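Peer 1: In terms of my numbering, the sequence shown opens at residue 238 and continues consecutively. Think of the CB as a built atom: it goes at the ideal place given N, C-alpha and C, for glycine as much as any other residue. These numbers come from a predicted model, not from an experiment.
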Amino acid sequence: AEVKAYAKPPEAVMKTMCAVMTVMEKTPSWGQAKTELNDTNFLVRIKNFDKDNIKDTTLRKIEKFTKDSNFTPKLVSNVSLAAGALCQWVHAMKIYAEIYREVEPKRNKLRQAQEKLESKQKQLREANAELKK
């Protein structure tokens, strides 16, 4: 309610909401932000956001905001606590997406190795069972 109450939001709030819209792959404008903020499920959508599937193009667009020295949760919170929390969310989504890109291939390799190990262990159990006959 605090953020959507602005007719013409302060620069920090405007920048934060444009960043949030960018993460959500919506038009980064105040009009779009107000539409999203009026949705009663907005916070639920933020909490349940599909962070595993943030596109590379979206990640590059987010950097435009996160590299700005004035776009920090602390500075944005001085203007609006709610916008400060959303600013922190944008930074968190960026960090998560970067780490996910690094970790996911390793997870896949681990899963494949575990499947191969399970297969070999099954063969070993079968071979041992044959030997006991």
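#1: Taking the alpha-carbon of R338 as reference, which of L361, L280, N290, T253 has the nearest alpha-carbon?
#2: With a floor of 4 residues, list each alpha helix (DSSP H) that falls wholly inside the segment 282 to 316, ordered by position along the chain.
#3: With a threshold of 16 other CB atoms inside 10 Å of the CB of K252, please say whether the residue is buried or exposed.
#4: Would you decide whether I190 is buried or exposed? Buried here means 16 or more other CB atoms lie within 10 Å of its CB.
#5: Whole angstroms are fine: how far does the CA of P265 sit from the CA of I283?
#6: Can you tell me the Cα-Cα spacing of K271 and C324, whole angstroms?
#7: Within 10 Å of its beta-carbon, does K343 have 16 or more other beta-carbons around it, so buried, or fewer, so exposed?
#8: Measuring only the C-alpha atoms, how far is Q358 from E341?
#9: Where does K370 sit, in a helix, a strand or coil, going by DSSP?
Peer 2: So, to answer that:
#1: Taking only the C-alpha atoms, the option nearest R338 is N290.
#2: 293 to 303, 310 to 316
#3: buried
#4: Here the chain comprises residues numbered 238 to 370, so residue 190 is not present and cannot be evaluated.
#5: 16 angstroms
#6: 16 angstroms
#7: exposed
#8: Spanning the alpha carbons of Q358 and E341 requires a straight line of approximately 25 angstroms.
#9: coil
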